[in-house]
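Number of protein chains: 2
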Amino acid sequence: MAGSDLYTGTLDTMILKAVSWGAMHGYGIGRWIRQNSDDALEINEGALYPALHRLEKKGLLSEEWGVTETNRKAKFYKLTAAGRRQLKAEIVRWKKYSQAVTAVLSASSA
Amino acid sequence: MAGSDLYTGTLDTMILKAVSWGAMHGYGIGRWIRQNSDDALEINEGALYPALHRLEKKGLLSEEWGVTETNRKAKFYKLTAAGRRQLKAEIVRWKKYSQAVTAVLSASSA
DNA sequence: AGTCATACCTCAGTGGTCAAGGTATTGCTG
DNA sequence: CAGCAATACCTTGACCACTGAGGTATGACT
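Chain order of the listed sequences is B and V. In case it helps, the numbering used here puts the first sequence at residues 3 to 112. In case it helps, the numbering used here puts the second sequence at residues 3 to 112.
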């Protein structure tokens with residue numbers, strides 16, 4: 003599975019966003035990100051699962067085993083209150099940061 | 003010197019951009035990035051200098067000792083041909099990537 | 001003489017990602 | 001019904017960029 007060479011640190015925020023309307027399982031989160039990025043981002047599983055565990059350990063996600071619509075067992079993640087706060091802050095940070103980098107990369111004089 | 007919590011991987015591209023109109027020394031590159039990001043990005047020197055050495059080692063920058071306008075000795079960096087090519091590619095990559103992440107973070111339905 | 005800004009550097013530690021391996025189950029298709 | 005793709009989870013070692021903190025030296029101004 004070819005990764006997308008992530009800019010480190012952006013994955014966690016996207017994961018939090020993915021579950022912001024309800025519980026989702028890991029594999030589905032990866033698929034959701036790919037789809038919502040118009041196939042630009044392909045999440046490496048070796049990055050995805052450690053990230054989920056990390057976020058759970060930080061108390062930003064809670065996990066629970068369940069069954070998918072297609073009858074498969076899967077671990078479902080949802081946002082905690084802290085996770086929702088974090089998501090909000092991270093989105094602000096991303097906006098500022100990406101605008102700053104874009105400004106730098108389109109500067110037209112020294 | 004407080005860093006800006008960089009998203010790993012974005013620094014190199016900004017450095018290449020900084021020297022795209024002519025040679026610049028390391029300390030000045032840090033200042034240039036800060037100014038062109040409207041003070042949003044404060045480059046940690048512990049990130050900056052290793053990055054310069056890295057890029058030089060990769061053949062994307064060439065370095066040469068010189069003297070600044072204010073009469074101080076400093077190491078000046080400029081783009082190599084490979085560096086210019088890399089910069090172009092990295093800017094494209096950043097545009098695609100940042101648009102993708104922004105799309106994901108502003109998705110409005112599951 | 002002292003201090004600030006400039007200008008360079010290194011190092012240990014941390015931590016996220018990649019690449020590659022693995023297990024198990026469902027469901028489709030030949 | 002055998003085989004295989006897709007789903008769904010996981011771990012591990014290696015790599016490497018960044019943080020935070022330390023350091024040296026010089027020019028300019030007070």
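Positions of the beta carbon are idealized from the N, C-alpha and C atoms, including for glycine. Bear in mind that the values here come from a model prediction, so they are computed numbers and not experimental data.
Cβ neighbours of residue i in the same chain (closer than 7 Å, five flanking residues each side left out)
| i | result |
| --- | --- |
| Leu43(B) | Ser6, Ile35 and Arg36 |
| Thr82(B) | Gly61, Leu62, Leu63 and Ser64 |
| Ala53(V) | Leu13, Asp14 and Ile17 |
Residue range of the beta strand (DSSP E) that includes residue i
| i | result |
| --- | --- |
| Lys60(V) | It is not in any beta strand (DSSP E) - Lys60(V) carries neither H nor E in the DSSP assignment. |
| Tyr29(V) | No beta strand (DSSP E) holds Tyr29(V); the alpha helix (DSSP H) holding it covers Gly28 to Asn38. |
Cβ-based neighbour list, residue i, same chain, cut-off 6 Å, excluding 5 preceding and 5 following
| i | result |
| --- | --- |
| Ser108(V) | none |
| Glu92(B) | Thr15 |
| Ile45(V) | Gly32 and Ile35 |
Same chain only: Cβ atoms within 8 Å of residue i, ignoring 5 sequence neighbours per side
| i | result |
| --- | --- |
| Ala25(V) | Glu66, Gly68, Phe78, Tyr79 and Lys80 |
| Glu71(V) | none |
| Lys19(B) | Leu89 and Ile93 |
Residue i, enclosing alpha helix (DSSP H) - first and last residue
| i | result |
| --- | --- |
| Asp14(B) | Thr12 to Ala20 |
Cα-Cα separation, residue i to residue j
| i | j | result |
| --- | --- | --- |
| Ala105(V) | Lys75(V) | 46 Å |
| Gly28(V) | Tyr51(V) | 7 Å |
| Ser110(V) | Asn38(B) | 10 Å |
| Lys98(B) | Trp23(V) | 26 Å |
| Ser100(B) | Val21(V) | 20 Å |
| Arg56(V) | Arg33(B) | 35 Å |
| Ala102(B) | Ile17(B) | 23 Å |
| Asn73(B) | Gly30(B) | 14 Å |
| Trp96(V) | Lys59(B) | 31 Å |
| Asp41(B) | Asp40(V) | 32 Å |
| Glu47(V) | Glu47(B) | 33 Å |
Answer yes if the region 76–87 of chain B comes into contact with the region 6–19 of chain V, meaning at least three C-beta pairs across the two stretches below 8 Å, and no otherwise.
Touching, no, given that fewer than three Cβ pairs across the two stretches are closer than 8 Å.
Any alpha helix (DSSP H) of 4 or more consecutive residues that is wholly inside the region 41–101 of chain V:
The region 41–101 of chain V is shown to contain whole alpha helix (DSSP H) runs of 4 or more residues at 47–59, in chain order.
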